[in-house]
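These notes are about the structure you will find just below.
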Amino acid sequence: MSGVELEVQLTAVVVAVACALPGVFLVLRRMALLSDAISHTVLLGIVLAFFVVEDLSSPVLVLGAATVGVLTVVLVQAVQDTGLVREDAAIGLVFPALFSVAVILISRFAGDVHLDTDAVLLGELALAPFRRFAPGGVDLGPRSLWVMLGILALNVLFLVAFYKELKLVTFDAELAAALGFSPLVLHYSFMGVVSLTAVGAFDAVGSVLVVAFMVAPPAAAYLLSDRLPRVLLWSAAIAAHGAVAGYWLARWLDGSIAGAMAAMVGVDFLLAFLFAPERGVVAQARRRASQRTEFAATMLAIHLLHHEGGPDADRECRVGHLPEHLRWSPERARFVVGAAARDGLVRVEAGDRLALTEAGRLRARGAMTA
Amino acid sequence: MSFLREILFDYTLRNVALGAAALGLASGALGAFAVLRRQSLLGDVVSHAALPGIVLAFILTGSKDTLVLVAGAFGAGWLGTTAVSTIRGRSRIPMDGALGIVLSVFFGIGLLLLTWVQGRPDAAQAGLDRFLFGQAAALVSRDVGIIAVLGAVSLAAVGVFWKEFKLLSFDPEFGATLGFPMGRVETLLTTVLVLAIVVGLQAVGVVLMASLVVAPAAAARQWTDGLGPMVLLSALFGALAGVAGAVTSASMPGLPTGPAIVLAATGLVALSILFAPCRGLAWERARRIRRHGRLRAEAVLADLFALYRQHGSLAHGHPAAVLEALRGDPRAVLPALAELEERGDARRLPDGTWALTGAGRDRAESLFAEPSGRGGAR
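In order, the protein sequences belong to chains A and B. Numbering follows this note's numbering, with no gaps: position 309 of the first sequence is 309. Numbering-wise, this note's numbering comes out as the position in the second sequence, counting from 1, plus 370.
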């Protein structure tokens, strides 16, 4: 692995983790799509700030963009507060409009500047190593790596400093207000952090992929754990994995790194969605299947208890009779009997005759009295 | 009038205007259902999710024919909505999270495929990215035809399944008890919506298609409470925004069509939110001012009534200055007196003082007099 490869991957990981951490709170607070809105509207901030300072590498651009990001959230809230438009529609009204203004400003007044919409929407991480951070002539690595490291540090600092408050506001905003925290102040400073992260990341991976990193890893993590610290750790780990795996996928296909990273966090989410230990689709299906078998075994026990010692016991208590009585297919009947025998509820005796065990009687009586 | 002539006779502009109108019409009408069902952002998600389908269709067929690409976009967009509802149904990920994941991951895959195709030696793929940003100016009459036909198909579906879509939007449980297969109705509505969205992609692009689904419907919602009028109005607003945006952008160099259409649609929303009768903010404000004026008049009426009870005569006038001294806000007294006079509750005596009329006394009595306190002053 060459130095350049390492630098790109390192930048990718830092971007991914910086997005994935605040993303957890966005997803938990059901504001995931604000990341979509913010990551588009920061373009307007960049354009406006560019008109003021006329320098594409000025840090003022980042501040301008972050301000417009927060403004987007304020505007969405204001549109919603008129009571005439619902939240989803408010987001869908505000961000395309602001984005359109930005695109028009660019194409009318900044056509000759390197500030095209392609680069904004799509980003190009492969170019990151070409812009160096070299204070005083000492080359310290890619500029965007340092910018994102700074933003990541800010994110971590914010999370550590306001962990308790964020947790409270996320899970019980009313209680937070009652305890005297101001959810509003926290909300907008959090949105400031999100905007700043989006600005920094969008330089590297483009706006749509900011959304991928802010939503997919936290959502996958949310399927893996119920504990907030673990969700945060999982989210960061999945984002980092997506970044590195995406890099190599892009190398292999000779395609967009950002696109490949989004595809990989998508794959990670899919894996979590399918195979998460408790909440995955497979685990749910297995749980449901075992519940169905358990229920059937209990039915079998009740059936046997009912006929046990009766005059028709010899006819009813046979494996071969179950399809007729309980409307199971012969295979299903054999399967349930096998499961019930393994659980020690019934015994299969000679000539396919079924007998209840003491445990089976208990289960049947318990089920009927419950 | 010169615009009209240009629309009629300029080939490109006519195509752009017609195409934008047709697509605004379709996305406006279907957007109404999306907004009512709180799925406004479906447009955003579908348009992003369509990208891998477009590129795949090109890879598989090697053709850049609009119909082929739209078919690919439709397939991927539909898959995207299915993915959203699967994630919603099978996990605890909330709606917005599911939308965000599908939007960004599908788009990422599309981007990866697109860059992969672009990296291949043959240059036949050039122009695929017009779906990303939209190039209304590049619409040829065949494209307009496709937009018109597919838009008509989706509108026809709305007409045929009107009752079902209405039930789905307002009370799906009730629909289910009536025996309608609501799950299938939902799939149908989503399918038609996806169709209307992917058709518009090549004209306005991925980001801005979202707005064409939401904005006309959000504007139309302010003017009416009926579904029929809302869908009609929304289609009309969509077409209007399409034409306005297309024409403006054609007449101003360097003004891209997609953003111009979006800003036109947003302008319609702003106007509707402010000025739509009954719901609009301006009306609300006017109502509040009227209510405020009525309360102010009522307060002065109460004062006049109290003075009347002390003096016991309707002929005994009171100077406005006295009333002003009784009120916290003296400036409010004269307008209030004017309103009372207009209503016939108070009159101005020849000496410039004010007194209740008989009608005003009766009204004040019914408003303010406590049962026990009655009669004493009389």
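All residues carry an ideal CB built from backbone N, CA and C; glycine is no exception. Quick caveat, the model's predicted, so the values are computed rather than measured.
message: Output needed in chain order: residues of the region 153-176 of chain A with a Cβ under 8 Å from some Cβ in chain B.
response: So the list is empty, because no residue satisfies the distance condition.
task: Following the continuous beta strand (DSSP E) through residue 346 of chain A, name the residue where it begins and the one where it ends.
output: In the first sequence, the residue the question calls residue 346 of chain A occupies position 346. In this chain, the beta strand (DSSP E) harbouring residue 346 of chain A covers 346-349.
task: Please determine if the region 176-185 of chain A and the region 143-152 of chain A are in contact, where contact requires at least 3 C-beta pairs separated by less than 8 Å.
output: Result no; under three Cβ-Cβ pairs closer than 8 Å.
Contacts that residue 104 of chain A makes with chain B (C-beta to C-beta distance below 8 Å): For the purposes of this step, residue 104 of chain A is identified with residue 104 of the first sequence, where counting begins at 1. Neighbours of residue 104 of chain A in chain B, taken as residues whose beta carbon is under 8 Å from its own, are 625, 626, 629, 630, 633 in chain order.
task: Residues of the region 402-421 of chain B with a CB closer than 8 Å to any CB of chain A: list them in chain order, please.
output: Closer than 8 Å at the C-beta level to chain A, one finds these residues of the region 402-421 of chain B: 405, 408, 409, 410, 411, 413, 414, 418.
task: Would you mind telling me which residues of chain A sit closer than 7 Å to residue 505 of chain B, beta carbon to beta carbon, in chain order?
output: What you label residue 505 of chain B is simply residue 135 of the second sequence in a count that begins at 1. Neighbours of residue 505 of chain B on chain A: none; closest Cβ ~12 Å, over 7 Å.
query: Using a Cβ-Cβ cut-off of 7 Å (strictly less than) and excluding sequence neighbours within five positions of residue 517 of chain B, which residues of its own chain qualify?
result: Sequence index remark: in the second sequence, residue 517 of chain B carries index 147 (1-based). Cβ neighbours of residue 517 of chain B beyond the five flanking positions: 389, 392, 393, 569.
message: Could you check whether the Cβ of residue 8 of chain A sits closer than 7 Å to any Cβ belonging to chain B?
response: The residue labelled residue 8 of chain A in the question sits at position 8 within the first sequence. No, residue 8 of chain A does not count as interfacial toward chain B.
- request: Could you tell me the boundaries of the beta strand (DSSP E) in which residue 724 of chain B lies?
  value: On the second sequence, residue 724 of chain B is found 354 positions in, with the first residue counted as 1. Note, residue 724 of chain B: beta strand (DSSP E), 724-726.
task: Taking only the alpha-carbon atoms, compute the straight-line gap between residue 736 of chain B and residue 655 of chain B and give it to the nearest angstrom.
output: By one-based count along the second sequence, residue 736 of chain B stands at place 366. By one-based count along the second sequence, residue 655 of chain B stands at place 285. Taking the Cα positions, residue 736 of chain B is about 29 Å away from residue 655 of chain B.
task: Decide if residue 691 of chain B is buried, meaning its Cβ has at least 16 other Cβ atoms within 10 Å, or exposed.
output: Working through the second sequence from its first residue, we reach residue 691 of chain B at position 321. Classification for residue 691 of chain B: exposed.
Per-residue burial, residue 430 of chain B [other beta carbons within 10 Å of its own, 16 or more giving buried]: For the purposes of this step, residue 430 of chain B is identified with residue 60 of the second sequence, where counting begins at 1. Residue burial is scored here from C-beta neighbours: residue 430 of chain B has fewer than 16 other C-beta atoms within 10 angstroms and is therefore classed as exposed.
task: Count the other C-beta atoms from every protein chain shown that fall within 10 angstroms of the C-beta of residue 451 of chain B, then say buried if there are 16 or more, exposed otherwise.
output: Taking the second sequence and counting its residues from 1, one reaches residue 451 of chain B at position 81. It is buried - the Cβ of residue 451 of chain B has at least 16 other Cβ atoms within 10 Å.
- prompt: With contact counted as at least three CB pairs below 8 Å, one residue from each stretch, are the region 243-261 of chain A and the region 474-485 of chain B in contact?
  reply: Segments in contact, yes.
- request: For chain A, find out if any of its Cβ atoms is closer than 7 Å to the Cβ of residue 464 of chain B; answer yes or no.
  value: The count along the second sequence starts at 1 and reaches residue 464 of chain B at position 94. Closer than 7 Å: yes.
- prompt: Where does residue 221 of chain A fall in DSSP's three states?
  reply: Looking up residue 221 of chain A in the first sequence gives position 221. Note: residue 221 of chain A maps to helix in three-state DSSP.
task: At 7 Å on the CB atoms, spell out the chain A contacts of residue 486 of chain B, in chain order.
output: As a first step, residue 486 of chain B is located in the second sequence; it is residue number 116 there, counting from the start. Against chain A, the beta carbon of residue 486 of chain B has neighbours under 7 Å at 253, 254, 255, listed in chain order.
message: Do residue 263 of chain A and residue 478 of chain B count as a contact pair if the criterion is CB distance below 7 Å?
response: Taking the first residue of the second sequence as 1, we reach residue 478 of chain B at position 108. Taking the first residue of the first sequence as 1, we reach residue 263 of chain A at position 263. With respect to residue 263 of chain A, residue 478 of chain B sits close: the two C-beta atoms are nearer than 7 Å.
- prompt: Counting along the chain, where does the beta strand (DSSP E) carrying residue 354 of chain A start and finish?
  reply: By 1-based counting over the first sequence, the position of residue 354 of chain A is 354. Counting along the chain, the beta strand (DSSP E) containing residue 354 of chain A begins and ends at 353-356.
message: residue 352 of chain A and residue 319 of chain A - do their beta-carbons sit closer together than 7 Å?
response: For the purposes of this step, residue 319 of chain A is taken as the residue at position 319 of the first sequence. For the purposes of this step, residue 352 of chain A is taken as the residue at position 352 of the first sequence. Closer than 7 Å, so yes.
- prompt: Which two residues bound the contiguous alpha helix (DSSP H) that contains residue 276 of chain A?
  reply: Along the first sequence, one-based indexing puts residue 276 of chain A at 276. Secondary structure note for residue 276 of chain A: it is in no alpha helix (DSSP H), with a DSSP letter that is neither H nor E.
Chain-ordered neighbours of residue 247 of chain A on chain B, where CB pairs are closer than 7 Å: As a working note, residue 247 of chain A is residue 247 in the first sequence. The premise fails here: residue 247 of chain A is roughly 12 Å from chain B at the closest Cβ pair, so nothing lies under 7 Å.
field: residue 563 of chain B to residue 705 of chain B span [Cα, whole Å]
entry: On the second sequence, residue 563 of chain B is found 193 positions in, with the first residue counted as 1. On the second sequence, residue 705 of chain B is found 335 positions in, with the first residue counted as 1. The straight-line gap separating the alpha-carbon atoms of residue 563 of chain B and residue 705 of chain B is approximately 54 Å.
- request: Return no unless some Cβ of chain B is closer than 7 Å to the Cβ of residue 260 of chain A.
  value: As a working note, residue 260 of chain A is residue 260 in the first sequence. Between residue 260 of chain A and chain B, the shortest Cβ-Cβ separation is below 7 Å.
query: Is it a yes or a no for the region 40-50 of chain A touching the region 221-228 of chain A, going by three-plus beta-carbon pairs under 8 Å?
result: By the Cβ rule, the region 40-50 of chain A does not count as touching the region 221-228 of chain A, because fewer than three pairs are nearer than 8 Å.
Residue 592 of chain B at chain E interface by Cβ criterion, 7 Å: Protein chains A and B are contained in the structure displayed, whereas chain E is not.
query: Excluding sequence positions up to five away, which residues of its chain have a Cβ less than 7 Å from the Cβ of residue 500 of chain B?
result: On the second sequence, residue 500 of chain B is found 130 positions in, with the first residue counted as 1. Taken in chain order, the residues that qualify are 508, 572.
message: Just checking: is the beta-carbon of residue 471 of chain B within a distance shorter than 7 Å of some beta-carbon in chain A?
response: Within the second sequence, the letter at position 101 stands for residue 471 of chain B. True, the Cβ-Cβ gap to chain A drops below 7 Å.
Residue range of the unbroken beta strand (DSSP E) whose run includes residue 717 of chain B: Reading the second sequence from its first residue, position 347 is the one you call residue 717 of chain B. Note, residue 717 of chain B: beta strand (DSSP E), 716-718.
query: Does the beta carbon of residue 636 of chain B come closer than 7 Å to any beta carbon on chain A?
result: Position 266 of the second sequence, counted from the start, is the residue given in the question as residue 636 of chain B. Yes, residue 636 of chain B counts as interfacial toward chain A.
message: Helix, strand or coil, according to DSSP, for residue 686 of chain B in the structure here?
response: Here residue 686 of chain B refers to the residue found at position 316 when the second sequence is read from its first residue. Under the three-state reduction of DSSP, residue 686 of chain B is assigned to coil, being neither helix nor strand.
Where residue 142 of chain A falls: helix, strand or coil (DSSP): As a working note, residue 142 of chain A is residue 142 in the first sequence. Residue 142 of chain A falls in the strand class under three-state DSSP.
- prompt: Mind checking if residue 500 of chain B is an interface residue toward chain A, Cβ cutoff 7 Å exclusive?
  reply: By 1-based counting over the second sequence, the position of residue 500 of chain B is 130. Among the residues facing chain A, residue 500 of chain B is not included, as its CB has no counterpart in that chain under 7 Å away.
- prompt: Does the Cβ-Cβ distance between residue 627 of chain B and residue 513 of chain B come in under 7 Å?
  reply: Sequence index remark: in the second sequence, residue 627 of chain B carries index 257 (1-based). Sequence index remark: in the second sequence, residue 513 of chain B carries index 143 (1-based). Not closer than 7 Å, so no.
query: Straight-line CA distance for residue 694 of chain B to residue 647 of chain B?
result: Reading the second sequence from its first residue, position 324 is the one you call residue 694 of chain B. Reading the second sequence from its first residue, position 277 is the one you call residue 647 of chain B. About 36 Å.
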